[in-house]
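Undergrad: Below you will find the structure I want to go over with you.
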Amino acid sequence: MDFDFTEEQLMVRDTARDFAVRELDPIAAKLDAEATYPADKVKQLAEMGFLGLAIPEEHGGGGMDYVSYVLAMEEISRACAGTGVIMSVNNSLVCDPLVKYCTPEQKKKYLEPLAAGRKLGCFGLTEPGAGSDVSGMKTNAVLQGDTWVLNGEKNFITNAPNSQTAIIFAYTDKAKKHKGISAFIVPMDAKGVSCGPKEHKLGICASHSSSIFMDDVRLPKDALLGQLGEGFKIAMTTLDAGRIGIASQALGIARAALEEAIAFAKERQAFGGPIANLQAIQFKLADMATRLDAARLLTLHAAWLKDSGQKFSKESSMAKVFAAEAASFVADESLQIHGGYGYTKEYAAERHFRDARITEIYEGTSEIQRVVIAASLIRD
Ligand code: CAA
Numbered sequence: 003m004d005f006d007f008t009e010e011q012l013m014v015r016d017t018a019r020d021f022a023v024r025e026l027d028p029i030a031a032k033l034d035a036e037a038t039y040p041a042d043k044v045k046q047l048a049e050m051g052f053l054g055l056a057i058p059e060e061h062g063g064g065g066m067d068y069v070s071y072v073l074a075m076e077e078i079s080r081a082c083a084g085t086g087v088i089m090s091v092n093n094s095l096v097c098d099p100l101v102k103y104c105t106p107e108q109k110k111k112y113l114e115p116l117a118a119g120r121k122l123g124c125f126g127l128t129e130p131g132a133g134s135d136v137s138g139m140k141t142n143a144v145l146q147g148d149t150w151v152l153n154g155e156k157n158f159i160t161n162a163p164n165s166q167t168a169i170i171f172a173y174t175d176k177a178k179k180h181k182g183i184s185a186f187i188v189p190m191d192a193k194g195v196s197c198g199p200k201e202h203k204l205g206i207c208a209s210h211s212s213s214i215f216m217d218d219v220r221l222p223k224d225a226l227l228g229q230l231g232e233g234f235k236i237a238m239t240t241l242d243a244g245r246i247g248i249a250s251q252a253l254g255i256a257r258a259a260l261e262e263a264i265a266f267a268k269e270r271q272a273f274g275g276p277i278a279n280l281q282a283i284q285f286k287l288a289d290m291a292t293r294l295d296a297a298r299l300l301t302l303h304a305a306w307l308k309d310s311g312q313k314f315s316k317e318s319s320m321a322k323v324f325a326a327e328a329a330s331f332v333a334d335e336s337l338q339i340h341g342g343y344g345y346t347k348e349y350a351a352e353r354h355f356r357d358a359r360i361t362e363i364y365e366g367t368s369e370i371q372r373v374v375i376a377a378s379l380i381r382d
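With this note's numbering applied, the sequence shown covers 3 to 382.
What follows is the structure, given as C-alpha cells:
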C-alpha cells in the first residue's frame, strides 16, 4: 500500500475541501436545525462529478478511484454529515451495483443519469420487520407476462424523498430463502410508488429518509437488476463498498469534532490558563487523534484493496465498525471538553455527537460488522 496520494487524489481532496469550507460550513448548522435538504448543494456536487465520483467516465461518472472517494467523503462530511450521506448513497449503494450488474442497455438507461447526478438514487433493502436480517423481508415481485408487479414496503430509506430512482430488493421465490431475492431498478414516479412522511431523526438532518410503499407497481422486464435470485448477493457486495463510504463519513464527523475540541481547548481559560495546558484535556485529545488516524488508515486500506481488485469485505467491515465507534468516541469527548457549552446549540459539538451515532447503525450495525469480520476469520 502506497502511503502517498497521487496528484489526482489530492486534487479531488482539495476540491472537496474547498467546496466544504466555502459552501457547506456556513450553512451546516442551519440545515441541521431546520432539517433542510440542500438541493442546490447536491446540484453543485453533481456538476463537480461527485455523485458518481468513482464511476467510470464512459458511464457518466467522475472516473476516480475509491481512495479519492474516501478523501472526498471525509471532507464533505467534515462540514455536513447529512450532505455526506446523500453523496455516499448515490455513489456506492446505487451507482456501484448498477456498474457491476447492469446490461449495457440498462447502463445507458439507468446508470448514466445517476452517475452524472442528473438523477438521485436510493437503496431499498430495509423493511419494518427486516433490518439486520435481510432475508426477513416481505416485499415481493411477480412476473405477469412481460411485466414485473411489485408489492411491499421499505423503511428508513436514505434519499427516498429526493430520489428519482430506487434499487428495490424483493422476493421472487420465497421458498428459496435468500436465493429467492432479486433486485429491481424502480423509477420513483412509477404508478403505485409512494413515500411516507420524512423521518424525524436524531442527526444527519440535512439528509431525508422515509418509507417507500409499493402497491401493484408494474415494471418492464428490464427492471430486473442482475440475474433472478441474485438480489441477496447484490445487496451484500454493494454493502461491502457502501461501508467504506460510511467509514469515510465517520472520519469527517470525527475530524470536525477533534478540530473544534482543539480550538476550544486553546481558547477556554481555567485554572490560570487555557485548558489545553491541562493533562486531563491533553490525554483526551491524544486518544481522539490516535483513534481518528487508525480509523483513516483502516478506511484507506479497504479502499485501496477495492481499487486494486482484491477482496475487501472483511476490511470494509473493520473500517466501518472502527471508524463509527471512533466517531462516537471523539464526538463524545469533544462535547466533554466543551463542557456546558458543548451541551448547547451555540457550538457544533452537539451536532457532531448526534451525527456520529448513525454511523454505528446504518449500512449494518456495529454488531453486524463484527459478524461479518468473525465469519471471514473463521472461513478464510
Ligand atoms: N459478498 C458475497 N456474498 C455474500 C456476502 C458478501 N459480502 N455476504 C454473504 N454472502 C453470501 C454467502 O456466501 C451465502 O452464500 P451461499 O448461500 O451461496 O452459501 C449467502 O450470501 C448467505 O450468507 P449468510 O448465511 O451469511 O447470510 P445471513 O442471512 O446470515 O446474513 C448478514 C448475513 C451479514 C447478517 C447480512 O444479512 C447483513 O449484512 N445484514 C445487515 C444488512 C445491512 O447492512 N443493512 C443496511 C441497510 S442499507 C442502509 O442502511 C442504507 C442507508 O440508509 C444509508
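Every residue gets a Cβ at the ideal spot worked out from N, C-alpha and C, and that includes glycine.
1) With a threshold of 16 other CB atoms inside 10 Å of the CB of HIS202, please say whether the residue is buried or exposed.
2) Considering only heavy atoms of the ligand CAA, does any lie closer than 7 Å to the CB of SER70?
3) Can you give me the C-alpha to C-alpha distance between ALA358 and LEU33, rounded to a whole angstrom?
4) In this structure, what does DSSP give as the bridge partners for SER318?
5) Would you call the region 85 to 101 and the region 238 to 247 touching, i.e. three or more CB-CB distances under 8 Å?
6) Would you kindly report the start and end of the unbroken alpha helix (DSSP H) that includes SER90?
7) Check whether the region 252 to 261 and the region 162 to 174 are in contact - that is, three or more C-beta pairs closer than 8 Å.
8) Could you have a look at TYR39 and say whether DSSP puts it in helix, strand or coil?
9) Are GLY333 and ALA256 touching if we call contact CB-CB under 8 Å?
10) Does the beta-carbon of PRO130 have 16 or more other beta-carbons within 10 angstroms, so that it is buried, or is it exposed?
11) Which residue marks the beginning of the alpha helix (DSSP H) containing ALA282, and which one marks its end?
12) Near ALA384, what residues of its chain come up, given a Cβ to Cβ distance below 7 Å and the 5 sequence neighbours on each side ignored?
13) Taking the alpha-carbon positions, what's the ARG293 to THR301 distance?
14) Give the C-beta separation of HIS180 and PHE234 to the nearest angstrom, bearing in mind that I take them to be a contact with Cβ-Cβ under 8 Å.
15) Using CA atoms only, rank isn't needed, just tell me which of SER134, GLY147, VAL87, THR128 is closest to THR141.
16) Using a Cβ-based criterion (distance less than 7 Å to any ligand heavy atom), does HIS180 qualify as near the ligand NAD?
17) Please state if the CB of MET66 and the CB of TRP306 are separated by a distance shorter than 8 Å.
18) With a cut-off of 8 Å on the beta carbons, I'd call ALA162 and ALA48 a contact; round off their distance for me.
19) Could you name the residues that DSSP lists as bridge partners for LYS121?
20) Closer than 7 Å to a non-hydrogen atom of the ligand CAA - does that hold for the CB of ALA377?
21) Say the cut is 7 Å; is the CB of GLU365 nearer than that to a heavy atom of the ligand CAA?
22) Should GLU362 go down as buried or exposed, given a rule of 16 or more other Cβ atoms within 10 Å for buried?
23) Can you tell me whether LEU204 sits near the ligand CAA, meaning its C-beta is under 7 Å from at least one heavy atom of the ligand?
24) Throw me the rounded Cβ distance for the ILE187 and ILE169 pair, which I believe falls under 8 Å.
25) For MET139, which residues of its own chain have a beta-carbon under 6 Å away from its beta-carbon, when the five flanking residues on both sides are left out?
26) Identify whether ALA56 lies in helix, strand or coil by the three-state DSSP scheme.
27) So, helix, strand or coil for MET75, using DSSP?
28) Quick check: GLY123 and ILE360, are their CB atoms within less than 8 Å of each other?
29) Using the three-state DSSP reduction, which class does PRO28 fall into: helix, strand or coil?
30) My assumption, with CB atoms under 8 Å, is that LYS200 sits in contact with SER212. Please give the rounded CB distance.
31) Where in the region 129 to 167 do unbroken runs of the beta strand (DSSP E), each at least 3 residues long, occur, reported from the N-terminal end onward?
32) For VAL219, I'd like the list of residues in its chain whose CB is within less than 6 Å of its CB, leaving aside the five on either flank, ordered along the chain.
33) Can you check whether the CB of ILE236 is closer than 8 Å to the CB of PRO106?
34) Do the CB positions of SER378 and LYS316 come within less than 8 Å of each other?
TA: For this structure:
1) Walking along the sequence shown from the start, residue 202 turns up at place 200. Exposed.
2) As a first step, residue 70 must be located in the sequence shown, where it is residue number 68. No, the Cβ of SER70 stays beyond 7 Å of every heavy atom of the ligand CAA.
3) Working through the sequence shown from its first residue, we reach residue 358 at position 356. Working through the sequence shown from its first residue, we reach residue 33 at position 31. Rounded to the nearest angstrom, the two C-alpha atoms are 16 Å apart.
4) As a position in the sequence shown, residue 318 is number 316, starting the count at 1. SER318 pairs with nothing; no bridge assigned.
5) yes
6) The residue labelled residue 90 in the question sits at position 88 within the sequence shown. 83 to 90 is the extent of the alpha helix (DSSP H) around SER90.
7) no
8) The residue given as residue 39 occupies position 37 in the sequence shown. DSSP places TYR39 in coil when its eight states are reduced to three.
9) Here residue 333 corresponds to residue number 331 of the sequence shown, with the count starting at 1. Here residue 256 corresponds to residue number 254 of the sequence shown, with the count starting at 1. Going by the sequence as given, residue 333 is Ala instead of Gly. Contact flag set, yes.
10) For the purposes of this step, residue 130 is taken as residue 128 along the sequence shown, with counting starting at 1. That one is exposed.
11) For the purposes of this step, residue 282 is taken as residue 280 along the sequence shown, with counting starting at 1. Run containing ALA282: 281 to 309, per the alpha helix (DSSP H) assignment.
12) Coverage of the chain is limited to positions 3 through 382, which leaves residue 384 absent and any answer about it impossible.
13) Within the sequence shown, numbered from 1, the residue matching residue 293 stands at position 291. Within the sequence shown, numbered from 1, the residue matching residue 301 stands at position 299. Rounded to the nearest angstrom, the two C-alpha atoms are 12 Å apart.
14) For the purposes of this step, residue 180 is taken as residue 178 along the sequence shown, with counting starting at 1. For the purposes of this step, residue 234 is taken as residue 232 along the sequence shown, with counting starting at 1. Yes, they are in contact, since the Cβ atoms of HIS180 and PHE234 sit about 4 Å apart, within 8 Å.
15) As a position in the sequence shown, residue 141 is number 139, starting the count at 1. Minimum Cα distance to THR141 is reached at THR128.
16) As far as ligands go, the structure on display features the ligand CAA and does not contain the ligand NAD.
17) Stepping through the sequence shown from its first residue, residue 306 is reached at position 304. Stepping through the sequence shown from its first residue, residue 66 is reached at position 64. Contact flag unset, no.
18) For the purposes of this step, residue 162 is taken as the residue at position 160 of the sequence shown. For the purposes of this step, residue 48 is taken as the residue at position 46 of the sequence shown. The Cβ separation is near 18 Å, so there is no contact.
19) In the sequence shown, counting from the first residue as 1, residue 121 sits at position 119. DSSP output for LYS121 lists no bridge partner at all.
20) In the sequence shown, counting from the first residue as 1, residue 377 sits at position 375. Checking the Cβ of ALA377 against the ligand CAA gives yes.
21) Counted from its first residue, the sequence shown places residue 365 at position 363. Under cutoff, so the answer is yes.
22) Along the sequence shown, read from residue 1 onward, the residue named residue 362 stands at position 360. So GLU362 counts as buried.
23) In the sequence shown, counting from the first residue as 1, residue 204 sits at position 202. False, no ligand heavy atom lies under 7 Å from that Cβ.
24) As a position in the sequence shown, residue 187 is number 185, starting the count at 1. As a position in the sequence shown, residue 169 is number 167, starting the count at 1. Indeed they touch by this definition, with Cβ atoms about 6 Å apart.
25) On the sequence shown, position 137 is the one that residue 139 refers to. Counting only Cβ-Cβ distances below 6 Å, and skipping sequence neighbours, we find GLU129, ALA132.
26) Here residue 56 is taken as the residue at index 54 of the sequence shown, counted from 1. If DSSP states are grouped into helix, strand and coil, ALA56 belongs with coil.
27) Taking the first residue of the sequence shown as position 1, residue 75 is located at position 73. In the structure shown, MET75 sits in a helix (DSSP, three-state: H, G or I).
28) Working through the sequence shown from its first residue, we reach residue 123 at position 121. Working through the sequence shown from its first residue, we reach residue 360 at position 358. Not closer than 8 Å, so no.
29) Position 26 of the sequence shown, counted from the start, is the residue given in the question as residue 28. Coil.
30) In the sequence shown, counting from the first residue as 1, residue 200 sits at position 198. In the sequence shown, counting from the first residue as 1, residue 212 sits at position 210. Indeed they touch by this definition, with Cβ atoms about 5 Å apart.
31) 142 to 146, 149 to 160
32) The residue labelled residue 219 in the question sits at position 217 within the sequence shown. Only LEU152, ALA192, GLY194, VAL195 meet the Cβ criterion.
33) Reading the sequence shown from its first residue, position 104 is the one you call residue 106. Reading the sequence shown from its first residue, position 234 is the one you call residue 236. No, these two residues do not count as a Cβ contact at 8 Å.
34) Working through the sequence shown from its first residue, we reach residue 378 at position 376. Working through the sequence shown from its first residue, we reach residue 316 at position 314. Yes, Cβ-Cβ distance for SER378 and LYS316 is below 8 Å.
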